[in-house]
Amino acid sequence: MPFKRPAPTPTQSNSGSESPSGSKCSSESSSPPPAKRPKMTKLLPEISVYLVQAKLDAPAIAELLTLGERHTKGVCKDAAHADVIITAISMRRRLERHVPWNIATSKAVVTPQWLRESIAHGSALPCGDYVAIEDLHDSTVQNCPDCKCKPCACSDSSTGFSSTSSPRRSAQGQDHLTSPTTSPTTTSNKPAPIPIPANLLPPDPPNVTNLAKLSYTSRYACQRASPLVCPNQDLVRELDIIRQSRALEGEERSALSYARAISAIKAYPEKIRSLKQVQKVPYIGVKISSLVEEFLDSGQISEAQKIKSSERFQTLSLFTSVYGIGPTAARRLAALGLRSLDDLEIYYGVERGAVEQNSQIVEVEEKPRQSGWKGRDKGRGKDDADGLGDSWIRVALGLREDLSKKIPRDEVEEMGRVVMRELDALEPGCVSTIVGGYRRGKPESNDVDIVFTHPDAGKVKGLCKRLVRRLHERGMVTHVMHLSGFHGHDPLRTTHWDSLEKSLTVFVLPPSSPLHAGVPVRRRLDLIFAPPEVYWTAVIGWCVPYPFVLCEIGERADGRGGQERVDHVPA
DNA sequence: TGGCCTACG
DNA sequence: CGTA
DNA sequence: GCCA
15 MPFKRPAPTP TQSNSGSESP SGSKCSSESS SPPPAKRPKM TKLLPEISVY LVQAKLDAPA
75 IAELLTLGER HTKGVCKDAA HADVIITAIS MRRRLERHVP WNIATSKAVV TPQWLRESIA
135 HGSALPCGDY VAIEDLHDST VQNCPDCKCK PCACSDSSTG FSSTSSPRRS AQGQDHLTSP
195 TTSPTTTSNK PAPIPIPANL LPPDPPNVTN LAKLSYTSRY ACQRASPLVC PNQDLVRELD
255 IIRQSRALEG EERSALSYAR AISAIKAYPE KIRSLKQVQK VPYIGVKISS LVEEFLDSGQ
315 ISEAQKIKSS ERFQTLSLFT SVYGIGPTAA RRLAALGLRS LDDLEIYYGV ERGAVEQNSQ
375 IVEVEEKPRQ SGWKGRDKGR GKDDADGLGD SWIRVALGLR EDLSKKIPRD EVEEMGRVVM
435 RELDALEPGC VSTIVGGYRR GKPESNDVDI VFTHPDAGKV KGLCKRLVRR LHERGMVTHV
495 MHLSGFHGHD PLRTTHWDSL EKSLTVFVLP PSSPLHAGVP VRRRLDLIFA PPEVYWTAVI
555 GWCVPYPFVL CEIGERADGR GGQERVDHVP A
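Residue numbers for the first sequence follow the working numbering, so the first one is 15 and each next one is one higher.
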């Protein structure tokens, strides 16, 4: 098999670790042999539990004992015989009064919520999300029965960071869309809706990340939601200015270093108060350390301030905000003396650009800079010898304003629904997930990324193009910046990973949409089509922002083994 | 001191 | 080179 | 700029 990966599917694998407990743990009617008792009624038949009653009131104890007897293999009288220890205690010292430490470290020790939610969920949930005692996090994860989900051991998390809050998905499950074929509305002659195989659906009762009880002391980056805004946001903002500047100036290596350092700081759970704290953060070396020191002293970083206020930085930033203009082009344009968007429009020959009109616009937009560059003719003509295969930069200039606007979550969702409706008309039975920043919980997105698949692998090929064409015909896709099909079935290329179809488009909601207001804003929309085998891998992959922090967790999607990309978003 | 993710158009 |  |  060319493509090995840890099964990404949410199919719960319920092969339990058989506990050594047996008779010591009573189940309510201990007698009935397993064959007789309808197995379905017990939701956690492989797991025996021990309940630490301390700190629980009588009703809670009764409730938990009932749940335990009803749904687990049994409630043990002795912690040593249980697979899982349930306790409301959160202090190590206090727990030690009830359970010997060496026993505790050999079990999963979780909060009562684990039991309640596992039962509600219908099967055992990862113990790591319900760690009762911080010191027991690792052993709890390790000893979690019935849960194959090995956490990744990210190197940067071994420094003992504890983590933060959950990624609060306000609309849990709404990011996953299936064809609305289930509507009973029209037509009796329509074929029955195509059933979606379970392995393409999100876990039925959704994974409960949301509960505030999620142990916000998870050690692992892959279990820890980087907070949308971190405790060191101000510091990060300063460093990011320098990072941007380095990137704009072509010092990519340096920029990369800043990006990594910023990532690491964003994962640091507390406000940084001392240099000592920061020295332990990975990717913080001599230079950045000194910058942090200055920040701790003065609340700012002079280098960042200087950069921010420099005309050069502002110009380059402005230019790169045009889709298709990167650092190199920006520098070149700046070197030509261009400074403003108007300059760019003239240079690239945007239609309305006559000089009078230009100055008029300058007034209207109250740009402080008057016609900047030395009386060069309108910039094009002979000069564009090098530049003007970029007729589409003109288009990008026209789109810049719209595309720089943020997209609120409800509009993201509406776009997803609209696109899905069209896709369903084209090919019923498709499944999709909105990924990217949206799925990471950001309140606003720069663009919308959707990953699609179809249970029938054969139906996926060519779908991307067909969907884009349909959306284009219907006026929803106004521009296609990029369209790629399956990479040929090169027999030498073993990985399917590259065989995604994707299209990068500009999308506008149709008038029929409730969110279609006046002149709707055009949005960047990326469509990614994956064969079903790699659907969830693609979903994950498209949710991970740059820079990727490598984390040792099984095998990579592309089969190169050993590492997985995890976590982090700069700024 | 060399290397920093990768793949595509 | 620019984008994801 | 940081790390191996």
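No residue lacks a Cβ here, since even glycine has one placed at the ideal position from N, Cα and C. Since this is a predicted model, take the numbers as computed values, not measurements.
Beta-carbon separation (whole angstroms), Pro545 vs Ala471, contact threshold 8 Å
5 Å
Simplified DSSP assignment, three categories, for Tyr452
helix
Limits of the unbroken alpha helix (DSSP H) element including Val432:
Arg423 to Leu440
Of all the options Arg480, Ala349, Phe333 and Ser513, which has the alpha carbon lying nearest to the alpha carbon of Thr551?
Ser513
Any contact of the segment 431-445 with the segment 469-487, i.e. 3+ C-beta pairs under 8 Å?
yes
Have a look at Glu317, Leu262 and Asp248 and flag the residue whose alpha-carbon is nearest the alpha-carbon of Arg287.
Asp248
For Asp463, does the three-state DSSP call read helix, strand or coil?
strand
Are Leu2 and Glu425 close, meaning C-beta to C-beta below 9 Å?
The question about residue 2 has no answer, for the chain in this structure spans 15 to 585.
Cα-Cα separation between Arg480 and Leu539, rounded to whole angstroms:
15 Å
Do Thr80 and Val586 have their beta-carbon atoms positioned less than 9 Å apart in this structure?
As displayed, the chain neither begins before 15 nor continues past 585, which places residue 586 out of reach and without an answer.
In this structure, how does DSSP classify Asp540 when only helix, strand and coil are distinguished?
strand
Nearest-angstrom beta carbon gap, Pro534 and Thr522 [assumed within contact, 8 Å]:
Here the sequence assigns Val to residue 522, which means Thr is not the residue at that position. Between Pro534 and Val522 the Cβ distance is about 5 Å, and since that is below 8 Å, they are a contact.
Which term fits Asp463, buried or exposed, when burial requires 16 or more other beta carbons within 10 angstroms of its beta carbon?
buried
Do the segment 90-97 and the segment 133-153 make contact, defined as three or more Cβ pairs closer than 8 Å?
no
Going by the beta-carbon positions, is the gap between Arg251 and Ala269 smaller than 9 Å?
no
In angstroms with no decimal places, state the Cα-to-Cα distance between Ser267 and Ile448.
Here the sequence assigns Arg to residue 267, which means Ser is not the residue at that position. Between Arg267 and Ile448, the C-alpha separation is close to 32 Å.
Spatial distance of Lys475 from Val155 (CA atoms):
40 Å
According to DSSP, is Ala552 part of a helix, a strand, or is it coil?
helix
Rank Ala261, Gln291 and Phe309 by C-alpha distance to the C-alpha of Phe327 and give the top, closest one.
Ala261
Taking only the alpha-carbon atoms, compute the straight-line gap between His493 and Pro524 and give it to the nearest angstrom.
15 Å
Please go through the segment 84-171 and give each complete beta strand (DSSP E) segment of 3 or more residues, from N-terminal end onward.
86-90, 98-100 and 122-124
Considering only the beta carbon of each residue, do Ile339 and Ile276 sit closer than 9 Å?
no
8 Å Cβ shell around Ile5 - same chain, five flanking residues per side excluded:
Residue 5 lies beyond the residue range present for the chain, which begins at 15 and ends at 585; the question has no answer from this structure.
Assign Leu417 to buried or exposed, taking buried as 16 or more other Cβ atoms, counted over all protein chains shown, within 10 Å of its Cβ.
buried
Compute the Euclidean distance between the alpha carbons of Phe543 and His190, then round it to the nearest angstrom.
14 Å
Cβ of Met490 within 9 Å of Cβ of Glu415?
no
Should Asp356 be labelled buried (16 or more other beta-carbon atoms within 10 Å of its own) or exposed?
buried
Please determine, among Glu265, Pro341, Ala278 and Glu515, the residue with the shortest C-alpha to C-alpha distance to Cys244.
Ala278
Below 9 Å between beta carbons: does that hold for Tyr282 and Asn246?
yes
Report the option in Glu265, Glu325 and Leu253 whose CA atom is closest to the CA atom of Ser303.
Leu253
Start and end residues, beta strand (DSSP E) containing Tyr64:
Leu58 to Leu65
Can you tell me which of Val292, Ile360, Val364 and Ser259 puts its alpha carbon nearest to the alpha carbon of Glu317?
Ser259
Kindly indicate which three-state DSSP category Leu518 falls into: helix, strand or coil?
strand
Among Glu428, Ile255 and His95, nearest to Ser527 - alpha-carbon criterion
Glu428
Beta strand (DSSP E) segment containing Ser498, residue limits:
Val491 to Ser498
DSSP beta-bridge partners of His190
Thr447
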